[in-house]
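Line order of the protein sequences matches chains A and B.
If you read the first sequence in numbering that gives the first Met the number 0, its first letter stands for residue 0, the second for the next number, and so on.
If you read the second sequence in numbering that gives the first Met the number 0, its first letter stands for residue 0, the second for the next number, and so on.
There are 2 protein chains.
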Amino acid sequence: MEKMKRAERMVAITQVLMLKPNVLTPLTLFAERFGTAKSTISEDLMAVKGSLLLSGQGHLETISGASGGVRYIPGIPTEEATQFLSKLAERLSDKERILAGGFLYMTDILFDPAILRPLGLIFAGAFRDKLPDVVVTIETKGIPLALVTAEALGLPMVVIRSGNKVTEGSAVSINYVSGSSRRIQTMSLSRRALEPQRRVLVIDDFMKAGGTALGIKNLMAEFEANVVGIGVLVEDRMTAEPKLVEGYLSLLQLKELDMFTGKTSVVPVNTD
Amino acid sequence: MEKMKRAERMVAITQVLMLKPNVLTPLTLFAERFGTAKSTISEDLMAVKGSLLLSGQGHLETISGASGGVRYIPGIPTEEATQFLSKLAERLSDKERILAGGFLYMTDILFDPAILRPLGLIFAGAFRDKLPDVVVTIETKGIPLALVTAEALGLPMVVIRSGNKVTEGSAVSINYVSGSSRRIQTMSLSRRALEPQRRVLVIDDFMKAGGTALGIKNLMAEFEANVVGIGVLVEDRMTAEPKLVEGYLSLLQLKELDMFTGKTSVVPVNTD
């Protein structure tokens, strides 16, 4: 490859690192690829680091030593996160979203990559210092949210199945009472899907009474897992009843959903 | 903000564009943010474009005119895609993956963001010129694959539900025979989840006889949708029977899975 100029190398380095968030790349890889000295790459990286810092959108982390290198840690500035959640709350507070049974239609939001990506960055920022090993969710609607969070943290995802339909070798099943249906349900997880004693971050789309989250905590105990955090997108706050789990983080709160007047109110948690 | 140097601006531009793949950003946004003339931004973009071209990992697309701008189109070089699929095939050809009933354990792969991301880029590259409006899948295991494909194409995702559990207003349900279970099953999609007459790309993790894919095609017909492509990660090729659908793209083929000898063979499609 023809020798690149510094600015070109800086762009190429930014691209390589952003394509593999959280992955440590040794400096020698860049030195070989660009045919330059490692010291030149170090200088390039300092400049890239400074430039990325200006945006507040994620930063470079350098680890020195023989097994060291550099990685891109994705992030979202607090102000941008706040604005994004405000807009999302407004979008969810639309009477057209009221479904029969007093539910809120959120599926379009939960399956839209452009909305999911910032949500994953927000959850990742909130839980990174809890050092989770894996992101756990329960099918179906929470899966994309858990996936983008896992990717922002550089972790794998594990999906608990509803019912008993696990066909993947021996599985652990537990019964739980979902707050939204008030019925006894079953959730299962294959033994091979999760090693024992992992640090688990639980991510889900909605919490009503917390019955599902409590079920997940109980199931995780069967895997000797340590639940280091629980994050939900929307928390039902229409009743004052305490939830069945504590210490969770919700980004939005559903304050009102009146099927007769059509009034719906979803608000960001920190503006409450 | 202090005036930035060209190299710094180029890095910042790369970051902004890569954070929002497929989204058109007007040049004026950069000009305002960096306090420079639009012509300077144009020159920066030319240099960024050239630098990104060298990696083959996605490129910039510029659209001129008043409503124009620039966007980052993610991509993966053919050689890298081939290597990635070879390694993945090898990893899947492990006798430890054989499950009771003659199934192949793929869940860890299907829920790992680091593996999903390149797969999404490969599917996106294969189907971009079919101009889909939306990526459709059926729960559960195909959801992450469909999501990363949707993101790489800049599209929303729609998830068909198994059974009749749709609680989102009026829904369309159809019966189908899944090749793997040979039982009659039901799939449903809420009317509000998919507008009529969309161009649909179907993505799923596994195809045995093609019964599920045929079911999805039939369900899509109820929404007057035009199925412009079908992509599956692994296709079962252990029998010579023709599939129930035609014109699909599979990335990997399962050639052998012998529960007695423990021999499993998964191969990339293009090395066949």
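Backbone N, C-alpha and C define an ideal beta-carbon position, used for all residues, glycine too.
In this text, all values refer to a predicted model and were calculated from it rather than measured experimentally.
Item to check | Residues of the segment 86-104 of chain B with Cβ closer than 8 Å to any Cβ of chain A, in chain order | outcome: L98, A99, G100, F102 and Y104
Next on the checklist: Does the CB of S50 (chain A) have a neighbour CB from chain B at under 8 Å?
Outcome noted: If you number the first sequence from 1, residue 50 (chain A) lands on position 51. Output row for S50 (chain A): interface = yes.
Checklist entry - Is the shortest distance between the beta-carbon of D257 (chain B) and the beta-carbons of chain A less than 8 Å? => result Here residue 257 (chain B) refers to the residue found at position 258 of the second sequence. Not an interface residue.
Item to check | Uninterrupted beta strand (DSSP E) stretches inside the segment 86-133 of chain B (no shorter than 3 residues) | outcome: none
Checklist entry - E234 (chain A) and L253 (chain A) look like a contact to me (Cβ under 8 Å); what is the Cβ gap, rounded to whole Å? => result Stepping through the first sequence from its first residue, residue 234 (chain A) is reached at position 235. Stepping through the first sequence from its first residue, residue 253 (chain A) is reached at position 254. Contact flag correct, Cβ pair sits at about 7 Å.
Item to check | Limits of the alpha helix (DSSP H) - the one that F222 (chain A) falls within | outcome: Numbered from its first residue, the first sequence carries residue 222 (chain A) at position 223. From DSSP, F222 (chain A) is part of no alpha helix (DSSP H); its letter is neither H nor E.
Checklist entry - By how many angstroms is the C-alpha of E255 (chain B) removed from the C-alpha of V201 (chain A)? => result What you label residue 201 (chain A) is simply residue 202 of the first sequence in a count that begins at 1. What you label residue 255 (chain B) is simply residue 256 of the second sequence in a count that begins at 1. Answer to the nearest angstrom: the Cα atoms are 37 Å apart.
Item to check | Euclidean distance between Cα positions of A170 (chain B) and L188 (chain B) | outcome: Position 171 of the second sequence holds residue 170 (chain B). Position 189 of the second sequence holds residue 188 (chain B). In a straight line, the C-alpha of A170 (chain B) is about 5 Å away from that of L188 (chain B).
Checklist entry - How many whole angstroms separate the CB atoms of V133 (chain B) and V199 (chain B), which I take to be in contact at a CB cut-off of 8 Å? => result Residue 133 (chain B) sits at position 134 when you count from the first residue of the second sequence. Residue 199 (chain B) sits at position 200 when you count from the first residue of the second sequence. Their Cβ separation, rounded to whole angstroms, is 6 Å, which keeps V133 (chain B) and V199 (chain B) in contact under 8 Å.
Checklist entry - Does the distance from the C-beta atom of I97 (chain B) to that of T260 (chain B) stay below 8 Å? => result As a position in the second sequence, residue 97 (chain B) is number 98, starting the count at 1. As a position in the second sequence, residue 260 (chain B) is number 261, starting the count at 1. Contact flag unset, no.
Item to check | Spatial distance of M45 (chain A) from M3 (chain A) (CA atoms) | outcome: For the purposes of this step, residue 45 (chain A) is taken as residue 46 along the first sequence, with counting starting at 1. For the purposes of this step, residue 3 (chain A) is taken as residue 4 along the first sequence, with counting starting at 1. Distance between the alpha carbons of M45 (chain A) and M3 (chain A) is about 17 Å.
Checklist entry - Taking the C-alpha atoms as reference points, what is the distance between I114 (chain A) and I108 (chain A)? => result Counting from one through the first sequence, the residue named residue 114 (chain A) turns up at place 115. Counting from one through the first sequence, the residue named residue 108 (chain A) turns up at place 109. I114 (chain A) and I108 (chain A): Cα-Cα distance of roughly 7 Å.
Checklist entry - G168 (chain B) versus chain A: which residues are under 9 Å apart at the beta carbon? => result As a working mapping, residue 168 (chain B) is identified with position 169 in the second sequence. Result: L98, A99 and Y104.
Next on the checklist: The beta strand (DSSP E) that contains T185 (chain B), what's its start and end?
Outcome noted: What you label residue 185 (chain B) is simply residue 186 of the second sequence in a count that begins at 1. Unbroken beta strand (DSSP E) run through T185 (chain B): I183 to S189.
Checklist entry - According to DSSP, is Q252 (chain B) helix, strand or coil? => result For this step, residue 252 (chain B) is matched to residue 253 along the second sequence. Q252 (chain B) falls in the strand class under three-state DSSP.
Item to check | Three-state secondary structure (DSSP) of R197 (chain B) | outcome: As a working mapping, residue 197 (chain B) is identified with position 198 in the second sequence. In the structure shown, R197 (chain B) sits in coil (DSSP, three-state: anything other than H, G, I, E or B).
Item to check | Cβ-based contacts, 8 Å cut-off: residues of the segment 36-49 of chain B near chain A | outcome: A46, V47 and G49
Next on the checklist: Cutting at 6 Å between CB atoms, please list the residues of its own chain near G153 (chain B), excluding the five before and the five after it.
Outcome noted: On the second sequence, position 154 is the one that residue 153 (chain B) refers to. The answer, listed in chain order, is N21.
Checklist entry - Closer than 8 Å, CB to CB, is F83 (chain A) near chain B or not? => result As a working mapping, residue 83 (chain A) is identified with position 84 in the first sequence. Not one chain B Cβ lies under 8 Å of F83 (chain A).
Next on the checklist: Rounded to the nearest angstrom, what separates E223 (chain B) and V244 (chain B) at their Cα positions?
Outcome noted: For this step, residue 223 (chain B) is matched to residue 224 along the second sequence. For this step, residue 244 (chain B) is matched to residue 245 along the second sequence. Going from the Cα of E223 (chain B) to the Cα of V244 (chain B) covers about 18 Å.
Item to check | C-alpha gap between L59 (chain B) and L23 (chain B), whole angstroms | outcome: Walking along the second sequence from the start, residue 59 (chain B) turns up at place 60. Walking along the second sequence from the start, residue 23 (chain B) turns up at place 24. Cα to Cα, the separation comes out at about 10 Å.
Next on the checklist: Residues of the segment 124-147 of chain A in Cβ contact with chain B at a cutoff of 7 Å, in chain order, please.
Outcome noted: E138, T139, I142, P143 and L146
Item to check | Stretch pair the segment 140-154 of chain A + the segment 133-148 of chain B: three plus CB contacts closer than 8 Å | outcome: yes
Next on the checklist: Output needed in chain order: residues of the segment 169-195 of chain A with a Cβ under 9 Å from some Cβ in chain B.
Outcome noted: S189, R191 and A192
Checklist entry - In the structure shown, what three-state DSSP assignment does L59 (chain B) receive? => result Locating residue 59 (chain B) in the second sequence gives position 60, counting from the first residue. Here L59 (chain B) sits in strand by DSSP.
Checklist entry - Taking just the CA atoms, how far does L118 (chain B) sit from I229 (chain B)? => result Along the second sequence, one-based indexing puts residue 229 (chain B) at 230. Along the second sequence, one-based indexing puts residue 118 (chain B) at 119. Going from the Cα of I229 (chain B) to the Cα of L118 (chain B) covers about 14 Å.
Item to check | Option in A:I62, A:L28 and A:Y104 with minimal Cα separation from A192 (chain B) | outcome: By 1-based counting over the second sequence, the position of residue 192 (chain B) is 193. With distances taken between Cα atoms, A192 (chain B) lies closest to A:Y104.
Checklist entry - So what's T24 (chain A) in DSSP terms, helix, strand or just coil? => result By 1-based counting over the first sequence, the position of residue 24 (chain A) is 25. T24 (chain A) falls in the strand class under three-state DSSP.
Item to check | Proximal chain A residues relative to F110 (chain B), where beta-carbon distance stays under 7 Å | outcome: Within the second sequence, residue 110 (chain B) is the residue found at index 111, counting from 1. The contacting residues are P155, M156, V157 and V158.
Checklist entry - Beta carbon of V227 (chain B), beta carbon of K129 (chain B): below 8 Å? => result The residue labelled residue 227 (chain B) in the question sits at position 228 within the second sequence. The residue labelled residue 129 (chain B) in the question sits at position 130 within the second sequence. Yes, they are a contact pair.
Checklist entry - Which stretch, first to last residue, makes up the beta strand (DSSP E) that contains S264 (chain B)? => result Here the question's residue 264 (chain B) lines up with position 265 in the second sequence. T263 to P267 is the extent of the beta strand (DSSP E) around S264 (chain B).
Next on the checklist: Less than 8 Å between CB atoms is the rule here; does D271 (chain B) satisfy it with respect to chain A?
Outcome noted: As a working note, residue 271 (chain B) is residue 272 in the second sequence. Confidence at D271 (chain B) is low in this model, with a pLDDT of 42, below 50, so its placement is unreliable and the value that follows should be read with caution. By this cut-off, D271 (chain B) is not an interface position.
Checklist entry - Using a C-beta to C-beta distance shorter than 7 Å, which residues of chain A count as neighbours of A6 (chain B)? => result Here residue 6 (chain B) is taken as the residue at index 7 of the second sequence, counted from 1. Within chain A, the residues near A6 (chain B) are R5, A6, M9 and A46.
Next on the checklist: Residues in the same chain with beta-carbon distance under 7 Å from L120 (chain B), minus the five sequence neighbours each way, listed in chain order, please.
Outcome noted: In the second sequence, counting from the first residue as 1, residue 120 (chain B) sits at position 121. Hits under 7 Å: P73, G74, I75 and A151.
Item to check | Integer-rounded CB distance, given that V10 (chain A) should sit under 8 Å from M9 (chain B) | outcome: Residue mapping note: residue 9 (chain B) aligns to position 10 of the second sequence, counting from 1. Residue mapping note: residue 10 (chain A) aligns to position 11 of the first sequence, counting from 1. Right, the Cβ-Cβ distance comes to about 5 Å (below 8 Å), so this counts as a contact.
Item to check | Pairwise C-alpha distance: F33 (chain A) and I62 (chain A) | outcome: Here residue 62 (chain A) corresponds to residue number 63 of the first sequence, with the count starting at 1. Here residue 33 (chain A) corresponds to residue number 34 of the first sequence, with the count starting at 1. Answer to the nearest angstrom: the Cα atoms are 21 Å apart.
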